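Input: a single structure, listed below in structure tokens.
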Amino acid sequence: MTNQIVPRSNSTGPIPPVEYPVDQVVFTPPIDIFETADGLVLQADLPGVSSESLELQIQDNKLSLFGRVSLTIPPEARLIHQEYQVGHFLRSFILSDEVDHERISAKLNQGVLEVILPRLSKPEPRRIPIQIV
Amino acid sequence: MPVFRWGHAWNPIRDLEREVDQLLAKVSLFHGIRFGQQYPPVNVYELDEEFLLTAELPGTRAEELEVLISNGVLTIKGRRNGPEGIADDRFRRQERPRGPWQRSLTLPDHIQEEKLAAEFTNGVLCIRLPKASATQPRQIPVTNGNPG
Numbered sequence: 000m001t002n003q004i005v006p007r008s009n010s011t012g013p014i015p016p017v018e019y020p021v022d023q024v025v026f027t028p029p030i031d032i033f034e035t036a037d038g039l040v041l042q043a044d045l046p047g048v049s050s051e052s053l054e055l056q057i058q059d060n061k062l063s064l065f066g067r068v069s070l071t072i073p074p075e076a077r078l079i080h081q082e083y084q085v086g087h088f089l090r091s092f093i094l095s096d097e098v099d100h101e102r103i104s105a106k107l108n109q110g111v112l113e114v115i116l117p118r119l120s121k122p123e124p125r126r127i128p129i130q131i132v
Numbered sequence: 000m001p002v003f004r005w006g007h008a009w010n011p012i013r014d015l016e017r018e019v020d021q022l023l024a025k026v027s028l029f030h031g032i033r034f035g036q037q038y039p040p041v042n043v044y045e046l047d048e049e050f051l052l053t054a055e056l057p058g059t060r061a062e063e064l065e066v067l068i069s070n071g072v073l074t075i076k077g078r079r080n081g082p083e084g085i086a087d088d089r090f091r092r093q094e095r096p097r098g099p100w101q102r103s104l105t106l107p108d109h110i111q112e113e114k115l116a117a118e119f120t121n122g123v124l125c126i127r128l129p130k131a132s133a134t135q136p137r138q139i140p141v142t143n144g145n146p147g
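Going down the list, the sequences are from chains C and H.
Take 0 as the starting number for the first sequence in numbering that gives the first Met the number 0 and just add one per residue.
Take 0 as the starting number for the second sequence in numbering that gives the first Met the number 0 and just add one per residue.
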């Protein structure tokens, strides 16, 4: 199941000390999905991910995002107090046929990814003339 | 409009999921509150010259972020914004925390408060706390007390 919510491990109990740099941990980012007049909008929290380090892919009807976190902390810095873990972000979604795959667009602003999923515009009903033979 | 299919979910299940999401969102604004932790969680790194304090705050606008320092207490406050102008019944999923937050932290004594600097990059706040240069030990002369 791809859309299961995995709690970030900072939320339970004490965190074992970890070595700097970024732990090779992958989190499921929290998302919002809401409907608009034109389709759906998906927003995901990806703190520490830049547009260069974000991969957004559609294959068949699966939309997947992978955000690689890059810290601006110098590598010689020692972690002396830790309340949250740093890791990359991965999540995928199954799109229905009603999304116009060609018109999907995305932007990333201060750690929030927004993906616009426009509804496929249905062609107008067409009257078929009947020939009299 | 069924744009997302959640496994084999039919509508009632999807509605239930949404209801539960919204209920949870009401009960716990932030994970931190739910687990009795302060929000936002912070990490502190040490370098030779300074400490670095980081916090993940996606969805916060830099201009809405306040960093204050007074008498050795660092206060950070701001607000995490959700989508604006969207009615609750438009949401299919609502997992991102939102709302105003504030946290105060006591700094170690040897920080140069006036040289504190903060930057906000890709939703991560990083506050630089330069260490005060170690003061030289000072010799205190001891004189003989006048006995008479």
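Glycine included, each C-beta is placed from N, C-alpha and C at the ideal position.
Since the structure is predicted, the reported quantities are computational estimates derived from the model, not experimental observations.
Check whether residue i and residue j have beta carbons under 7 angstroms apart
i        : j        : result
H/GLU49  : H/PRO107 : no
C/PHE26  : C/PHE88  : yes
H/ASN42  : H/THR53  : yes
C/LEU78  : H/TYR44  : yes
C/ALA105 : C/VAL114 : yes
C/VAL24  : C/GLY86  : yes
H/GLU118 : H/ILE68  : no
C/LEU136 : C/LEU55  : Since the first and last residues shown for chain C are 0 and 132, residue 136 of chain C lies out of range.
Contact set for residue i: own chain, Cβ-Cβ below 6 angstroms, skip 5 residues either direction
i       : result
H/THR59 : GLY77 and ARG79
C/GLY47 : VAL68
Burial state of residue i, where buried means 16 or more other Cβ atoms lie within 10 Å
i       : result
C/PRO73 : exposed
H/PRO57 : buried
H/ARG95 : buried
H/GLU63 : exposed
C/LEU62 : buried
7 angstroms Cβ cutoff, residue i in contact with chain D
i       : result
H/GLY71 : In the structure shown, chain D does not exist; the protein chains are C and H.
Cut-off 8 angstroms between Cβ atoms - residues of its own chain near residue i, not counting five sequence neighbours on either side
i        : result
H/GLU65  : THR74, ILE75, LYS76 and GLY77
H/GLY122 : GLU55, LEU56, PRO57, GLY58 and THR59
Close beta carbons around residue i, own chain, < 7 angstroms, minus the five adjacent residues each side
i        : result
C/SER50  : LEU107
H/HIS109 : LYS130 and ALA131
C/VAL132 : none
Nearest-angstrom Cβ-Cβ length linking residue i and residue j, presumed shorter than 8 angstroms
i        : j       : result
C/ARG111 : C/ASP37 : Position check: residue 111 of chain C holds Val in this sequence, whereas Arg was assumed. That pair is no contact at about 20 angstroms.
H/GLN156 : C/ASP31 : What is shown of chain H runs 0 to 147, which leaves residue 156 of chain H out entirely.
Using a Cβ-Cβ cut-off of less than 7 angstroms, list which residues of the region 92-122 of chain C approach chain H; keep chain order.
PHE92, ILE93, LEU94, SER95, GLU97, VAL98, GLN109, GLY110, VAL111, LEU116 and ARG118
Taking Cβ-Cβ distances below 9 angstroms as the criterion, which residues of the region 22-45 of chain C are in contact with chain H?
PRO28, PRO29, ILE30, ASP31, ILE32, PHE33, GLU34, THR35, GLY38, LEU39, VAL40, LEU41, GLN42, ALA43, ASP44 and LEU45
If contact means a Cβ-Cβ distance below 8 angstroms, which residues of the region 76-87 of chain C contact chain H?
ALA76, ARG77, LEU78, ILE79, HIS80, GLN81, GLU82, TYR83 and VAL85
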